[in-house]
Amino acid sequence: MTDMEAVAAPTAPTAASTPFDRAERRIWSGRAEAYADTYAHLCAHLVPALLDAAEAGPGARVLDVGCGCGTVSAAAVARGASVYAACLLYTSLMAVSYTHL
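In my numbering, the protein residues as written are 523 to 623.
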């Protein structure tokens, strides 16, 4: 199993959902692929500087909370880091598995 494959297995939320949680899931439901194809590209130019500052490379362990479509996670894996990525939105997790495995 690769580092990114571990992300592809969505889990149910363990805490009680708040109105905010439910609203976020409703708003983003089914939109992860559209985000990955559009806005995510606008933000990607910051990823190398972020990973440089975090010293993400071979042997590093990275926790990407709120990973969205996995842009930062995939770049960290490409640098040799071991990554655990988590996102509350099931559709985002699926976008990571489809895009970066």
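Beta carbons are placed, not taken as given, at the ideal position from N, Cα and C, and that holds for glycine.
Check                                                                                                                                                        : Outcome
Tell me whether residue 539 sits in a helix, a strand or coil according to DSSP, three-state version.                                                        : coil
Please report how far the alpha carbon of residue 588 lies from the alpha carbon of residue 541, in whole angstroms.                                         : 18 Å
Using 10 angstroms around the beta-carbon of residue 603, count the other beta-carbons present and answer buried if the total reaches 16, otherwise exposed. : buried
Quick one, are the C-beta atoms of residue 586 and residue 607 less than 7 Å apart?                                                                          : yes
In three-state terms, what does DSSP make of residue 544?                                                                                                    : helix
Select from 571, 605, 539, 556 the residue whose C-alpha is nearest the C-alpha of residue 580.                                                              : 605
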